[in-house]
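As you go down the protein sequences, you meet chains A and B in turn.
Heads up: take any position in the first sequence, counting from 1, add 4, and you land on our numbering.
Heads up: take any position in the second sequence, counting from 1, add 4, and you land on our numbering.
This report concerns only the one structure given below.
There are 2 protein chains.
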Amino acid sequence: MKSSELFPHALKEPPKDAESINHQLLVRAGFIDQLMAGSWTLLPLGWRVVNRINQVIREEINAINGQEMLMPLMTPRSIWQETGRWQKAEEVMYQFSDDGGREYGLAFTHEEILMDLLRKRVNTYADLPIYLYHFSTKFRNEARARSGILRSREFMMKDLYSAHASEADLMDYYQKVKEAYIRIFQRLGFNCRVTEALGGVFTENYTHEFQIPSEGGEDVIFYCDQCDWGQNKEVFKGQVGQPCPKCQKGKIIQSRAIEVGNIFPLGTWFAEKMKAFFTDQNNQKRPIWFGSYGIGSTRVMGAWVEISHDDKGIIWNKTMAPFDVHLIELPGAKNALEIYQKLQEAGLEVLWDERDINAGQKLVEADLIGIPVRLVISEKTKDQIEWRLRNKEKTELLSLSEVVNRLQKES
Amino acid sequence: MKSSELFPHALKEPPKDAESINHQLLVRAGFIDQLMAGSWTLLPLGWRVVNRINQVIREEINAINGQEMLMPLMTPRSIWQETGRWQKAEEVMYQFSDDGGREYGLAFTHEEILMDLLRKRVNTYADLPIYLYHFSTKFRNEARARSGILRSREFMMKDLYSAHASEADLMDYYQKVKEAYIRIFQRLGFNCRVTEALGGVFTENYTHEFQIPSEGGEDVIFYCDQCDWGQNKEVFKGQVGQPCPKCQKGKIIQSRAIEVGNIFPLGTWFAEKMKAFFTDQNNQKRPIWFGSYGIGSTRVMGAWVEISHDDKGIIWNKTMAPFDVHLIELPGAKNALEIYQKLQEAGLEVLWDERDINAGQKLVEADLIGIPVRLVISEKTKDQIEWRLRNKEKTELLSLSEVVNRLQKES
């Protein structure tokens, strides 16, 4: 894409009300725009990042047999009353009625909707297990929407739901989702900590949260500096500095963190409340075993910016970058169009800054937007191309074919 | 995908309250589920169809320089008050307030949101034109949600918005969108009619609707049986049977129809109301010229079912079918797994009915689901495969390589 056509252009300054790093950088660089407190437009750059995040999630959830679909956002009061959550969740759920007196809630999660679907379409054990997910908007009534895109009134989540004929089958799948989540956050480049958490009223088992250690986070977590042990602050009863209860070798450290995912083995609580039964091998009616598993994909974008930036701007990695390469054309550059086309023919997504503006401004904006590979062509580079990684100082002069080779191998 | 794993299995009967064809067939075959009147879950089969529809739209809108993004659904009252639509649209817009007294509307369209974005990020004529679109949920307060997925309280739309420095540039782009829409509906297999329509308060120009002639439609349109002339019933003042005012050769006929798209040259009305100005070449402040362009992608799915079905079920075409081929394994079939894998290796999406159920039920469900190519393997077919198109009676015995060749060429 040509920079002259990309909407919008970067701002010279971050917005005045922006306190958090992700708010400052994502707005200034043109990834997101604030419609009102806690409500964000994902601009073309931001939408590209969220799509790349979603695609990694999709691949890993499909690999554990998830089936993608799409559930509604406006839901009837009656369905939430069956579990008592119309009242219990009234602080977080936007609730309203239409002129005919029908009452609705905007979905902040989809367990009840999924359970309604299951009770209509599941008959016997042979219909189970079932794994369904969607990427969808969630609404949450936040008294104080803050931290940029980390805590919004409206945000995007991937939520997966699983239905089983037995607890053993549920817990087996729960473990598979946990491993899939670890792969997802690894592929996205995070140092993600899995922490034990409480399950609320729904389960006596621990649930698990996926936490990104970051000063910009609102959570506090405790984890071992040597192994994968971790707990959130509701669960943790020990002392910082003590030996790890799992490996004994490491020490427990404390960190602020951003929660990007969570998984819940919900048991039969929802099925019992909503009368979602199946017939087992002995022709007995049994409640469906149920689990739910979320990842906040817009929050993942914000979390990355919190942990990967410098004083010049964002530093994307190649998995979630909005473009693979940023081609900066400076005065006297030769063959810019040809280079742009050749890179695209090699299967790369290219942002080509062909604008007739100040060279310094182009370089400042490139650092701000943070695409991992910057290519500069100018009078000085002649028939070559200046290669620079966003997170390194070193520049190199390469031929076009060397550039393509490197980009196809690594960046 | 294996049929045993696909959620949900088909129903023996259509739901009792289903009046329209698309409601009956899409629910029974497992493409959609009704959460409440006018609110539908797109089940895995339905989501596949809508994704294929969206992908055709995306390709054609990208080809006319559209940039994809995602705007919020919950919007502040203040923004609608600037254009007067908070009051004017109160019958169709769900409006509510939170416990802090903040008032919100659920977006039934996004002109105001887009215009707010433009006034924040557009300065001069050099920033224009801009073409932005998203695929997103729309909400509409329908007193009587009906006609299955054709008239819902919540549905999916692609909406594109364009911003220009002059009327000429707007109208030039308007024409490009019209041509892109014609290509979209052609690629999707529709005989689509473009009809002139009124523009409401926003424009004195005609706007255009994209209409699919169908007995299941709620609109009435008038068009020439020889050329592309057409008008909707608000505009049409002639008589059915008269000569076409455009080509003179054809006759005007009348038909019920389903509106699947519309395009509006909105002029400067929104920019003037919302103070969205740019500076022109002479350093004068001017209001932005604006157009908006919608396609209801879930309605497109419903429209196809209305016009393409028989008494056995849906008849998809290959562009929007949920799978390319339906492989039916009957008792005594050899090499089912190998055939399934070979088809997938050839890049085809395959639904493989490997369930241990009655052969008749498998064939009935295949006709109901309506995938364009049905392959049957059984004791009788030996090393060959029985090929049948969903819309033809003829069956043929082919080798696996002949099947793959045909599927890669045509179907």
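We put the CB at the ideal spot given by N, CA and C, even for glycine.
Who are Glu333 of chain B's beta bridge partners in DSSP?
B:Ile381.
Quick one: Cα of Gly104 of chain B to Cα of Met97 of chain A, how far?
One C-alpha to the other measures close to 13 Å.
Within 8 Å (strictly less), CB to CB, does Gln71 of chain A reach chain B?
Yes, its Cβ sits closer than 8 Å to a Cβ of chain B.
Less than 8 Å between CB atoms is the rule here; does Asp176 of chain B satisfy it with respect to chain A?
With 8 Å as the cut-off, Asp176 of chain B does not count as an interface residue toward chain A.
Whole alpha helix (DSSP H) runs in the segment 88-124 of chain B with 4 or more residues, listed along the chain?
Fully enclosed alpha helix (DSSP H) runs of 4 or longer: 89-92.
Of the residues that make up the segment 28-54 of chain A, which ones have a beta carbon closer than 7 Å to any beta carbon in chain B?
Cβ contacts with chain B come from Asp37, Leu39, Met40, Ser43, Trp44, Thr45, Leu46, Leu47, Pro48 and Trp51.
Can you tell me which residues form a DSSP beta bridge with Ile256 of chain B?
Bridge partners of Ile256 of chain B: B:Cys228.
Which residues bound the alpha helix (DSSP H) around Tyr344 of chain B?
Ala340 to Glu349 is the span of the alpha helix (DSSP H), which, as asked, contains Tyr344 of chain B.
Go through its chain and collect everything with a Cβ distance to Tyr210 of chain A's Cβ below 8 Å, but skip five positions before and after it.
Contacts found: Glu200, Ala201, Leu202, Gly203 and Val239.
Compute the Euclidean distance between the alpha carbons of Lys412 of chain B and Ile343 of chain B, then round it to the nearest angstrom.
The displayed chain sequence assigns Gln, not Lys, to residue 412 of chain B. So the two alpha carbons sit approximately 15 Å from each other.
Looking at the secondary structure, which residues open and close the alpha helix (DSSP H) in which Lys277 of chain A lies?
It spans Trp273 to Met278 - the alpha helix (DSSP H) in which Lys277 of chain A sits, taken as one unbroken run.
Does any residue of chain A have a CB that is nearer than 8 Å to the CB of Ser415 of chain B?
For Ser415 of chain B, the pLDDT reaches just 48, beneath the cut-off of 50, and the residue's location in the model is therefore unreliable, although a value from the coordinates is still provided. Answer no: the Cβ-Cβ gap between Ser415 of chain B and chain A never drops below 8 Å.
Put Ser415 of chain B into one of helix, strand or coil per three-state DSSP.
The predicted model places Ser415 of chain B with a pLDDT of 48, which falls under 50 and marks its position as unreliable; any figure quoted below should be read in that light. The answer is coil: DSSP assigns Ser415 of chain B none of H, G, I, E or B.
Run the CB neighbour count on Pro2 of chain B, radius 10 Å, all protein chains shown included, and call it buried at 16 or more, exposed below.
With chain B running from 5 to 415 in the structure shown, residue 2 of chain B is simply not present.
Please say whether Gly254 of chain B and Asp229 of chain B have beta carbons closer to each other than 8 Å?
Yes; because the gap between Cβ atoms is below 8 Å, this pair is in contact.
DSSP puts Lys289 of chain B in a beta bridge; with which residues?
Bridge partners of Lys289 of chain B: B:Thr283.
Measure the alpha-carbon distance for Ser301 of chain B versus Met161 of chain B and round it to whole angstroms.
Rounded to whole angstroms, Ser301 of chain B to Met161 of chain B spans 5 Å at the Cα level.
Looking at the structure shown, is Ser24 of chain B part of a helix, part of a strand, or coil, going by DSSP?
The answer is coil: DSSP assigns Ser24 of chain B none of H, G, I, E or B.
Distance cutoff 8 Å, beta carbons only. Does Pro18 of chain B sit that close to anything in chain A?
For Pro18 of chain B, the answer is no, since every Cβ of chain A falls outside 8 Å of its Cβ.
With 8 Å as the limit, tell me which residues of the segment 339-350 of chain B have their beta carbon closer than that to any beta carbon of chain A; keep them in chain order.
Residues: none.
Taking 8 Å as the cut-off, does the segment 374-382 of chain A touch the segment 312-324 of chain B (at least 3 CB pairs, one atom from each stretch)?
No: fewer than three Cβ pairs fall under 8 Å.
With 16 as the cutoff for other CB atoms within 10 Å, does Leu331 of chain B come out buried or exposed?
By the 10 Å Cβ count, Leu331 of chain B comes out buried.
Per DSSP, which residues does Gln38 of chain B bridge with? Please list them.
Partner(s): B:Trp44.
Assuming Ser218 of chain A contacts Ala261 of chain A (C-beta within less than 8 Å), just tell me the rounded distance between them.
Confirmed, about 6 Å.
Below 6 Å CB to CB, which residues in the same chain sit around Trp356 of chain B once its five sequence neighbours on both sides are set aside?
Counting only Cβ-Cβ distances below 6 Å, and skipping sequence neighbours, we find Lys6, Leu331 and Tyr344.
Examine chain B for any beta-carbon lying closer than 8 Å to the beta-carbon of Phe11 of chain A, and answer yes or no.
Yes, Phe11 of chain A lies at the interface with chain B (some Cβ there is under 8 Å from its Cβ).
Using only CA atoms, which one of B:Met40, B:Asn58, B:Leu77 and B:Leu15 lies nearest to Thr45 of chain A?
Minimum Cα distance to Thr45 of chain A is reached at B:Leu77.
Report the residues of the segment 74-96 of chain B with a CB closer than 7 Å to any CB of chain A, ordered along the chain.
For the segment 74-96 of chain B, which is checked against every Cβ of chain A, the residues closer than 7 Å are Leu74, Met75, Pro76, Leu77, Met78, Thr79 and Pro80.
Cβ of Lys398 of chain B less than 8 Å from any chain A Cβ?
Not an interface residue.
Could you list which residues in chain A have their beta carbon closer than 7 Å to that of Asn145 of chain B, in chain order?
Those are Asp102, listed as they occur along chain A.
Would you tell me roughly how many angstroms separate the C-alpha atoms of Pro291 of chain B and Thr79 of chain B, rounded to the nearest one?
Answer to the nearest angstrom: the Cα atoms are 23 Å apart.
Assuming Val60 of chain B and Ile188 of chain B make a contact with CB atoms under 8 Å, what is their CB distance in whole Å?
About 6 Å; that satisfies the 8 Å criterion.
Could you pull out every residue in the same chain whose Cβ sits closer than 8 Å to the Cβ of Leu401 of chain B, ignoring the five residues on either side in sequence?
Only Thr385, Gln388, Ile389, Glu390 and Trp391 meet the Cβ criterion.
Using CA atoms only, rank isn't needed, just tell me which of B:Glu115, B:Leu10, B:Phe100 and B:Ala22 is closest to Met73 of chain A.
It is B:Leu10.
Let me see if you follow: with CB-CB separation under 8 Å, is Thr211 of chain A close to chain B or not?
It does not; no Cβ of chain B falls within 8 Å.
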